Every structure is written in C-alpha cells, then in structure tokens.
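J.:
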Amino acid sequence: MLYFARMLDKARKEAASELRDDFRKNLGQALDARCCDYLRVDYLALVKRTLAGGSDEEILDWCFQFGRPLSDNDILIWNEFTRKIGWNDSRSEFLEKYKAESGLSDRKEIVTMFDFMEADEGR
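Using this note's numbering, the final residue of the sequence shown is 130, and nothing's skipped along the way.
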C-alpha cells in the first residue's frame with residue numbers, strides 16, 4: 008500500500024526527534040489524514056500502535072483489524088490515487104509551491120507529489 012510505510016517512518020522519526028522540521032506541519036494531515044481515513048483508523052491511535060513496535064506489515068494488519076480490511080481492489084484504487092497526486096488535480100498548485108520552496112521549480116519532470124518527495128529527499 009503506497010505511502011503507508013512512509014507515514015509510519017515519519018511517526019517513528021518524530022518520536023525520535025529526527026523528523027525534518029518542514030515535515031512536522033503536516034503530521035496527521037494531508038496524505039496522512041487521507042490514508043487513515045481510507046483505512047478507517049485514527050491517526051493518533053495509529054501512531055501509538057506504530058511506536059509500540061512491529062513491522063509495517065503487522066501495523067497494516069492492525070489497521071485492517073481495527074479499521075477496515077482492504078481488498079486487493081481497494082489497495083489498487085489507493086495506489087493509483089496516491090501515485091498521481093499533484094498531476095492535473097486539486098494538489099497541482101501545492102506541488103508547484105513545494106517545488107519553489109525547495110528550489111526545484113526548474114525540474115519539469117516532477118509532476119506528482121511522489122516525484123517531488125523523491126527529488127526533495129535526494130533519491
């Protein structure tokens with residue numbers, strides 16, 4: 008499930024005081040909130056479960072148990088939705104703003120939020 012592991016990693020880094028400052032403002036919001044809503048779990052409950060330990064897969068299974076189970080089709084829909092965020096949609100303006108703030112405005116190949124995350128984090 009795209010983005011889920013990233014959300015857990017951000018929660019772990021925040022708890023260890025290792026999260027980038029610019030990531031803090033969106034903790035539990037934006038795509039974190041959408042992901043939790045899709046799974047039908049509370050963000051703070053998910054953070055608590057994450058910090059209790061376990062693999063990403065175990066935590067996703069917890070979400071399926073305490074939120075809602077997802078079918079393969081549900082996961083496909085989520086993955087296709089997230090993969091395209093920022094590309095000709097309501098988030099396009101924010102993508103351009105983030106690119107400008109990160110000095111990446113000239114990078115025309117960055118057309119989705121995932122593209123931006125990869126470039127912004129040096130991958």
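Glycine included, C-beta positions come from ideal geometry on N, C-alpha and C. Keep in mind that this is a model prediction, so the values were computed, not measured.
Given this structure, state the Cα-to-Cα distance separating residue 90 from residue 123, to the nearest angstrom.
T.: Those two C-alpha atoms are separated by around 11 Å.
J.: With a cut-off of 8 Å on the beta carbons, I'd call residue 57 and residue 94 a contact; round off their distance for me.
T.: Actually they are not in contact, since the Cβ atoms of residue 57 and residue 94 sit about 29 Å apart, beyond 8 Å.
J.: Applying the criterion that 16 or more other CB atoms from any shown protein chain within 10 Å of the CB defines a buried residue, is residue 51 buried or exposed?
T.: Residue 51 counts as exposed, since fewer than 16 other C-beta atoms from the protein chains shown sit within 10 angstroms of its C-beta.
J.: Quick one: Cα of residue 30 to Cα of residue 108, how far?
T.: 13 Å
J.: Going by DSSP in three states, residue 80 sits in which element: helix, strand or coil?
T.: helix
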